[in-house]
Amino acid sequence: MDFTEKFKTYTNTELLRIIDNPDGYQPNAVETAKTIFSDRHLTEEEIKIAKDELEIERQEKSNKEQKKRAVEDKFKNIGKSILDNVNPIQNETPTTEKTIKIISLLFGGLFLFQLYKEFGMISFMFTDSSAGWDFSMVLYFLPLVVVPTATILFYKKKKFGWLLLTMYLTYSAVSAIGLFILTMNMEPSGIPALDSIFPQTSPTTHFLTLLFFAGTIWAISRENIRTVYTITKQTMILTISITALIVGLGLKTFF
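The end of the sequence shown is residue 582 by our numbering, with every number in the run present.
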């Protein structure tokens, strides 16, 4: 490829960028840039200006990369804190206040994700005249009401917030068990086109979902957390057991 005509329109800084970064360009391109840069017979002042502009570009790029790494590290630290809180096996027990804040932040984010994911369906239900509300649709959208309500009340250290969040977590965990079993027993339809349109969710996904919700139940069921919400051990067991039983009976219809 002939780079001569193309590089003639390049600024001094653009040519210098190619010359100073030979590993990122073809050898022919680098040699052409050197020749054109030399043929311009630039003064020392013009060369200095080009080098200064290139240095500014490098500094800006470096700053952007540092900011990007800082954001990535921040999210990694948040993720690690969340995992530490829902992990039953850990060396140090997080403080009560920290656990409450992290779980509130986590489920606040989960609500925003669900809202974004279901925005199209919500718009359809409220704007399309053909859309009809029935009990199944109420159940479908119920998490969009339960999750933010439970999260806010849990963050405010309200007893009902703990109860509502625990019921939601138990419902989600038992549902994940049901979906895991259902997926394990499900066989492909035998029609490739149909399977590609409606792909099966991996059992591993449902298993990891179960671990997440079960881990969160464990995290908020520790005595130091329950004390904040005045939840007795008996209340905890009854809340989890009754919710699991109701959801389990509901799932029984699918098996």
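Beta carbons: idealized from backbone N, C-alpha and C, even for Gly.
Remember, it's a predicted structure, so these values are computed and weren't measured experimentally.
1. Note down the Cα distance separating residue 341 from residue 391, rounded to an integer number of angstroms.
2. Buried or exposed: where does residue 431 fall if 16 or more other Cβ atoms within 10 Å of its Cβ makes it buried?
3. Given a cut-off of 7 Å, decide if residue 491 and residue 477 are closer than it, judged by their beta-carbon atoms.
4. Excluding the five sequence neighbours on either side, which residues of its own chain have a C-beta within less than 7 Å of the C-beta of residue 356, listed in chain order?
5. With 16 other CB atoms within 10 Å as the buried threshold, where does residue 366 fall?
6. Looking at C-alpha atoms only, which residue of 338, 400, 571, 353 is the closest neighbour of residue 376?
7. By the three-class DSSP mapping on this structure, what secondary structure does residue 422 have?
8. So for residue 367, helix, strand or coil by DSSP?
9. Find out if the Cβ-Cβ distance for the pair residue 363, residue 334 is shorter than 7 Å.
10. Using DSSP with H/G/I as helix, E/B as strand and the rest coil, what is residue 445?
According to the structure data:
1. Rounded to the nearest angstrom, the two C-alpha atoms are 20 Å apart.
2. Flag for residue 431 reads buried.
3. Less than 7 Å divides the Cβ of residue 477 from the Cβ of residue 491.
4. If we look at residue 356 and ignore the five residues flanking it on each side, its Cβ neighbours are 330, 345.
5. Looking at its Cβ environment, which holds fewer than 16 other Cβ atoms inside 10 Å, residue 366 is exposed.
6. Comparing alpha-carbon positions, the option among 338, 400, 571, 353 lying closest to residue 376 turns out to be 338.
7. DSSP places residue 422 in the coil class of the three-state scheme, outside both helix and strand.
8. Here residue 367 sits in coil by DSSP.
9. Yes, the pair counts as a contact, with Cβ atoms nearer than the cut-off.
10. Looking at residue 445 - three-state DSSP - the assignment turns out to be coil, as it is neither helix nor strand.
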